[in-house]
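Asks:
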Amino acid sequence: MNMAATVPVTARNRVLPFDPLFVSAVLCLILIGFVMISSASIEVAAVRNNNPFFYMIRHGVFILLGLAAAIVVLRIPISFWQRSGPWLLLVGFILLVLVLAVGREINGSVRWISLGPVNLQASEVAKFAMVIYLAGYLVRRLTEVRSSWKGIAKPALPLAFFVFLMILEPDFGAAVVLMGSVMGMIFLGGMKFSQFALIVIGCAVVIPSLAMLQPYRVVRLKTFLDPWADPFGSGYQLAQAQIAFGRGDWFGEGLGNSVQKLFYLPEAHTDFVFSVLAEEMGLVFALLVVCLYGLIAVRMFRIGRRAEKLQQFFMAYLSYGFAIMLTGQALINIGVNVGALPTKGLTLPLVSYGGSSLVVSCVMIAIVMRVDYELKRLLADAPAPATTKQRKKTAGADDEK
Numbered sequence: 000m001n002m003a004a005t006v007p008v009t010a011r012n013r014v015l016p017f018d019p020l021f022v023s024a025v026l027c028l029i030l031i032g033f034v035m036i037s038s039a040s041i042e043v044a045a046v047r048n049n050n051p052f053f054y055m056i057r058h059g060v061f062i063l064l065g066l067a068a069a070i071v072v073l074r075i076p077i078s079f080w081q082r083s084g085p086w087l088l089l090v091g092f093i094l095l096v097l098v099l100a101v102g103r104e105i106n107g108s109v110r111w112i113s114l115g116p117v118n119l120q121a122s123e124v125a126k127f128a129m130v131i132y133l134a135g136y137l138v139r140r141l142t143e144v145r146s147s148w149k150g151i152a153k154p155a156l157p158l159a160f161f162v163f164l165m166i167l168e169p170d171f172g173a174a175v176v177l178m179g180s181v182m183g184m185i186f187l188g189g190m191k192f193s194q195f196a197l198i199v200i201g202c203a204v205v206i207p208s209l210a211m212l213q214p215y216r217v218v219r220l221k222t223f224l225d226p227w228a229d230p231f232g233s234g235y236q237l238a239q240a241q242i243a244f245g246r247g248d249w250f251g252e253g254l255g256n257s258v259q260k261l262f263y264l265p266e267a268h269t270d271f272v273f274s275v276l277a278e279e280m281g282l283v284f285a286l287l288v289v290c291l292y293g294l295i296a297v298r299m300f301r302i303g304r305r306a307e308k309l310q311q312f313f314m315a316y317l318s319y320g321f322a323i324m325l326t327g328q329a330l331i332n333i334g335v336n337v338g339a340l341p342t343k344g345l346t347l348p349l350v351s352y353g354g355s356s357l358v359v360s361c362v363m364i365a366i367v368m369r370v371d372y373e374l375k376r377l378l379a380d381a382p383a384p385a386t387t388k389q390r391k392k393t394a395g396a397d398d399e400k
């Protein structure tokens with residue numbers, strides 16, 4: 000008996016409904032984030048809120064909300080998201096307009112809508128909505144996207160509205176992540192390389208021009224080039240982040256032993272939590288966190304590639320879009336922390352303090368897990384390959400005829 004012929008049937012029964020490496024990497028980052036938020040925020044919370052565990056408790060609640068949302072989303076078929084793309088785009092647009100009208104200002108930016116005890120960051124929902132809409136658009140207009148500029152120009156209109164509203168907040172970092180994700184999705188959809196190169200060149204001209212429109216961004220760019228020119232003024236935040244990395248060395252000062260979090264490093268539990276992590280746990284652990292993001296990106300792209308091979312294009316582009324968005328934002332945040340990029344107000348996905356970012360990231364990951372599950376179901380429901388014995392029997396019957 001040919002055992003190789005029976006392997007697909009046996010393997011099909013043993014396949015897990017989720018990707019264990021993917022889920023493990025996500026859970027590791029969430030747990031690392033909880034530990035680091037607890038460590039980085041104790042002193043700040045004690046002074047600001049008279050409760051050293053204030054941010055730790057809130058972050059724990061956000062984790063529970065994110066996991067609950069993920070469990071709910073896991074039960075929603077992917078077809079629902081494909082039908083809902085235009086409506087989600089409308090919701091994202093309304094939230095971006097609403098935040099400019101009634102939003103709450105924090106640190107000079109109006110990015111949050113107050114919902115009682117929590118704040119909703121509109122740009123996080125808008126980015127999520129744009130990826131779902133664009134995945135559906137690419138499925139409907141794939142031939143047009145691959146053959147003409149017209150197919151590329153159509154999604155550029157809602158993208159331009161979203162980017163314009165984000166810059167008004169201002170949230171330049173979210174706008175860059177959104178543009179990068181959209182460009183990546185269209186390129187993976189089959190856009191000609193010459194067209195992609197022209198768009199990249201155009202963005203390389205437009206993005207710096209937009210950055211120059213507001214004086215604080217010009218200061219950030221100058222600070223990025225030489226933070227030590229004004230280490231107690233405009234370069235203070237970046238200089239303190241670099242000190243944190245220097246203190247951490249290879250293996251860190253030990254969990255809870257950061258000095259920079261003691262009011263030296265601003266936003267130590269949000270945008271610059273990676274610097275505190277490097278100081279307390281060292282460069283080796285920081286590189287491990289980077290590897291976890293790399294593992295998540297690889298698994299998400301593999302899921303997307305498998306969907307594309309099975310002709311499930313909406314699932315494929317959805318997975319690609321979320322992969323680019325999550326890992327791109329992570330790389331930008333880490334780049335800012337190490338001084339490789341100008342300062343942006345972007346969180347580190349799954350790790351930084353912030354309910355909107357954490358919950359939306361969990362929902363994105365849950366949708367990709369649902370894609371993986373539906374693909375496995377699709378393969379499981381496919382007719383089993385015939386064994387050698389069955390093929391011989393069929394051939395014999397044909398010969399008799």
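Mapping the sequence shown onto numbering that gives the first Met the number 0, position 51 (from 1) lands on 50, and the numbers just tick up by one. Where a beta carbon is used, it is the ideal one built from N, C-alpha and C, also for glycine. The structure presented is a predicted model; accordingly, all values stated were derived computationally and were not measured.
1. Could you say which of 369, 349 and 374 lies nearest to residue 58 if we only look at CA atoms?
2. Anyone know if the C-beta pair for residue 223 and residue 116 falls short of 7 Å?
3. Counting beta carbon pairs with one atom in the stretch 85-92 and one in the stretch 323-332, are three or more of them shorter than 8 Å?
4. Would you call the stretch 78-87 in contact with the stretch 144-157, where contact means no fewer than 3 C-beta pairs closer than 8 Å?
5. Would you say the beta carbon of residue 32 is closer than 6 Å to some non-hydrogen atom of the ligand GDP?
6. With respect to the alpha helix (DSSP H) encompassing residue 23, which residues constitute its N-terminal and C-terminal limits?
7. Check for me: the alpha helix (DSSP H) holding residue 75 runs from which residue to which?
8. Distance check for residue 255 and residue 185, CA to CA, integer angstroms please.
9. Please report how far the alpha carbon of residue 134 lies from the alpha carbon of residue 324, in whole angstroms.
10. Using a Cβ-Cβ cut-off of 6 Å (strictly less than) and excluding sequence neighbours within five positions of residue 9, which residues of its own chain qualify?
11. Should residue 308 go down as buried or exposed, given a rule of 16 or more other Cβ atoms within 10 Å for buried?
12. With a threshold of 6 Å on Cβ separation, who are the neighbours of residue 65 within its own chain once the five nearest residues in sequence on each side are excluded?
13. Considering just the uninterrupted stretch of the alpha helix (DSSP H) at residue 359, what are its terminal residues?
14. Kindly indicate which residue of 30, 85 and 318 has the alpha-carbon position closest to the one of residue 369.
15. As a quick exercise: from 141, 54, 62 and 27, pick the residue whose alpha carbon is nearest that of residue 310.
16. Report the rounded CA-to-CA distance for residue 220 versus residue 47, giving the unit in angstroms.
17. Look at residue 304 and residue 374 and say whether their C-beta atoms are less than 7 Å apart.
18. Mind reading off the beta-carbon distance from residue 72 to residue 365? Whole number of angstroms is fine, and I expect it under 8 Å.
19. What does the alpha-carbon distance come out to for the pair residue 7 and residue 17?
20. I need the straight-line Cα distance from residue 15 to residue 22, nearest angstrom please.
21. Measure the C-alpha to C-alpha separation of residue 251 and residue 277 and round it to an integer number of angstroms.
22. I believe residue 271 touches residue 315 by the beta-carbon criterion, under 8 Å. Please report the beta-carbon distance rounded to the nearest angstrom.
23. Taking only the alpha-carbon atoms, compute the straight-line gap between residue 160 and residue 95 and give it to the nearest angstrom.
24. Among residues of its own chain, excluding the 5 on either side of residue 174, which ones have a beta-carbon nearer than 7 Å to its beta-carbon?
25. The beta strand (DSSP E) that contains residue 120, what's its start and end?
26. If you compare alpha carbons, which of 34, 19 and 24 is closest to residue 280?
27. Among the residues of its own chain, which have a CB less than 7 Å from the CB of residue 402, if the five just before and after it don't count?
28. I'd like to check one pair, residue 313 with residue 138: are the Cβ atoms closer than 7 Å?
29. In chain order, what residues of the same chain lie with their CB nearer than 7 Å to the CB of residue 151, ignoring the 5 residues before and after it?
30. Can you give me the C-alpha to C-alpha distance between residue 296 and residue 233, rounded to a whole angstrom?
31. What span of residues does the alpha helix (DSSP H) with residue 276 cover, start to end?
32. What number of angstroms, rounded off, separates the C-alpha of residue 355 from the C-alpha of residue 363?
33. Using the three-state DSSP reduction, which class does residue 110 fall into: helix, strand or coil?
34. How many Å lie between residue 188 and residue 52 at the Cα?
35. Check each candidate in 226, 192, 111 and 178 and name the one with the smallest Cα separation from residue 437.
36. When the Cα of residue 334 is compared with those of 367, 285 and 371, which residue comes out closest?
Replies: On the basis of the data shown:
1. The residue with the shortest Cα to Cα distance from residue 58 is 349.
2. No, they are not a contact pair.
3. Taking a cut-off of 8 Å for Cβ pairs, the stretch 323-332 and the stretch 85-92 do not touch, as fewer than three such pairs fall below it.
4. The stretch 78-87, when compared against the stretch 144-157, does not touch it at the 8 Å Cβ threshold.
5. Of ligands this structure carries none, so the ligand GDP is not represented either.
6. That run of the alpha helix (DSSP H) goes 19-48.
7. Per DSSP, residue 75 belongs to no alpha helix (DSSP H) and is neither H nor E.
8. If you take the alpha carbons of residue 185 and residue 255, they lie about 44 Å apart.
9. Going from the Cα of residue 134 to the Cα of residue 324 covers about 13 Å.
10. Low confidence applies to residue 9: its pLDDT is 44, below 50, so where it sits in the model is not reliable enough to give any reading.
11. Classification of residue 308: exposed, given that the 10 Å Cβ count is below 16.
12. Hits under 6 Å: 357, 358 and 361.
13. For residue 359, the enclosing alpha helix (DSSP H) begins and ends at 354-380.
14. Looking at the Cα atoms, 318 is the closest of the given residues.
15. Of the candidates 141, 54, 62 and 27, the one whose C-alpha sits nearest the C-alpha of residue 310 is 141.
16. Put simply, the backbone Cα of residue 220 is about 31 Å away from that of residue 47.
17. Not a contact, by the Cβ cut-off of 7 Å.
18. For residue 72 against residue 365, the beta-carbon gap comes to about 4 Å, under 8 Å, which counts as contact.
19. Any answer about residue 7 is weak, because its pLDDT of 46 lies below 50 and its placement is not dependable; what the coordinates show is given next. Cα-Cα distance, rounded: 18 Å.
20. Roughly 12 Å between the two C-alpha positions.
21. For residue 251 and residue 277, the gap between their C-alpha atoms comes out near 7 Å.
22. Going by Cβ atoms, the distance from residue 271 to residue 315 rounds to 35 Å, so no, they are not a contact pair.
23. Taking the straight line from one Cα to the other gives about 10 Å.
24. Within the same chain, and ignoring the five residues on either side of residue 174 in sequence, the residues whose Cβ sits closer than 7 Å to its Cβ are 162, 165 and 166.
25. From DSSP, the beta strand (DSSP E) with residue 120 extends over 117-120.
26. Cα-wise, what sits closest to residue 280 is 34.
27. Residue 402 falls outside the range modelled here, since the chain spans only 0 to 400, and no answer is possible.
28. Against a cut-off of 7 Å, the Cβ pair of residue 313 and residue 138 comes out as a contact.
29. Apart from sequence neighbours up to five positions away, the residues of its chain that approach residue 151 with a beta-carbon distance below 7 Å are 144, 185, 190 and 194, ordered along the chain.
30. Cα to Cα, residue 296 sits roughly 34 Å from residue 233.
31. Run containing residue 276: 272-308, per the alpha helix (DSSP H) assignment.
32. Annotation: residue 355 to residue 363 spans about 12 Å, alpha carbon to alpha carbon.
33. In the structure shown, residue 110 falls within a strand segment according to DSSP collapsed to helix, strand and coil.
34. If I take the Cα positions, the gap works out to 46 Å.
35. Given that the chain is displayed from residue 0 to residue 400, the structure contains no residue 437 and the question cannot be resolved.
36. When the alpha-carbon of residue 334 is set against those of 367, 285 and 371, the nearest one is in 285.
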